[in-house]
Structure formats: structure tokens, C-alpha cells
Amino acid sequence: MNLGIIAPAALCVAMLSACATGISDAEAERAAVGMLKASFRSQGQAGVDRLNQDEVQALCSRYPNGLPKDLAEKLEKTQLATIRYPASGKLMGDWREGERIAQSGVGKQFNDDPKGPSGGNCYACHRLSPRELSFGTIGPSLYQFGKQRGTGDAVQRYAYSKVYNPEAFSACSNMPRFGHNRVLTEEQIT
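Below, the structure written as C-alpha cells:
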């Protein structure tokens with residue numbers, strides 16, 4: 003069977019059924035998650051467990067139009083406390099190595115070597131270089147970030163922290179928590 007067609011069709015039927023029978027939002031969510039898990043198969047390092055939300059993701063899912071201010075502030079404060087800085091104290095490394103990591107989309111996919119380093123795939127959402135023509139715009143342009151904002155200790159700490167766990171600065175951010183979720187190492191983030 004072609005799960006690429008069957009799973010979306012089943013989801014549509016379930017959603018239409020939910021409207022007709024008046025099931026609760028929680029029941030509809032459980033049904034949708036059940037269908038997702040049934041149609042997803044573990045392969046390589048990509049396991050079905052990736053569909054399980056952590057506490058932050060679940061909270062953000064409960065408020066699709068944004069968290070109330072008090073919850074957002076609490077979330078940002080708790081996430082700021084999760085940031086781990088390099089033991090060396092060094093927050094800025096070789097920009098050439100950073101560019102290589104930013105360009106790389108390798109890592110965490112079913113066919114990637116789980117022992118190999120992951121990349122950041124930063125260009126999927128950001129502009130970093132005038133030479134790169136294919137960049138995303140969901141995130142702000144980071145072209146000439148240091149020139150515009152400086153390279154002092156406070157800016158380095160902010161940049162490292164933002165990549166490590168953006169939820170510390172913008173609750174329910176679209177940006178992945180690269181350090182928090184161990185996609186990138188502390189050394190890669192520097």
C-alpha cells in the first residue's frame with residue numbers, strides 16, 4: 003500500500019468525522035498522533051520516538067497563537083537555565099569552520115551516520131553570505147552579523163545562547179534548539 007496517499011486520506015476522514023460526531027480536540031489530537039505514528043517507521047537513527055513532544059513542544063502546541071505573556075516569560079527563564087557554555091569559556095571560534103557547519107545539512111536523518119558530526123543547515127532559514135543565492139527567509143538575515151552588532155563578550159554570549167536554545171529568548175521559536183537537543187556540540191556552536 004502507498005502510505006503517502008493512505009495516511010493523509012485517513013487523516014482527512016478522521017478530521018471530517020470529528021466535525022460530524024463532535025469529538026473533543028483532545029480526542030482528535032490523539033487520533034492524529036496515532037495515525038502519524040502508525041504511518042511513520044523507524045529507520046536508521048530516525049525513530050518513531052521523534053514524534054514524542056518534550057514539555058516545551060507540548061506547551062507551545064497547546065497555544066498555537068502564542069503563549070500568554072506570563073507563560074512565555076516563565077518558559078524563557080527555564081530555558082535560559084538549560085544553556086551549557088563550553089568549559090573553555092571560548093564562545094567564538096574559526097568563522098571558516100562555522101561557515102562549513104552552517105552549509106551542512108548532514109545529521110539526524112535516517113541515512114546519515116549517527117557517529118558523524120551534524121551540520122546546522124543554517125542557510126535553510128538565514129542569509130549568511132552574499133555568495134549564497136539559495137537561502138531561507140524564515141529567520142533574520144545574519145549577513146554581517148558581527149559588523150552590525152559587534153563581537154564583544156555580550157554579543158558572543160547572546161549568539162552562542164541563541165543557537166544553543168532559542169526558546170530562552172523567544173518562547174515557541176521556530177528555530178531548533180541545536181545545543182539543547184544535541185544536534186550541534188558546544189564546540190560546533192562556537
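Okay, so the sequence shown: first residue is 3 according to this note's numbering, each after it adds one.
Even for Gly, the Cβ is constructed at its ideal location relative to N, Cα and C.
Asked, Found
"Do you know offhand how far S120's Cα is from T187's?", "9 angstroms"
"On a Cα-Cα basis, can you pick out the residue from R184, C174 and A104 that is closest to A74?", "C174"
"Could you pull out every unbroken beta strand (DSSP E) segment of at least 3 residues lying fully inside the segment 109-155, listed in chain order?", "none"
"Could you have a look at N28 and say whether DSSP puts it in helix, strand or coil?", "This sequence places Ala at residue 28; Asn is not what is there. DSSP places A28 in helix when its eight states are reduced to three."
"According to the Cβ coordinates, are Q111 and A161 closer than 8 angstroms?", "no"
"Would you tell me roughly how many angstroms separate the C-alpha atoms of S136 and Y125, rounded to the nearest one?", "7 angstroms"
"What beta strand (DSSP E) runs, 3 residues minimum, are completely inside the segment 49-92?", "none"
"Should N123 and G100 be called a contact, given that it needs their Cβ atoms to be closer than 8 angstroms?", "no"
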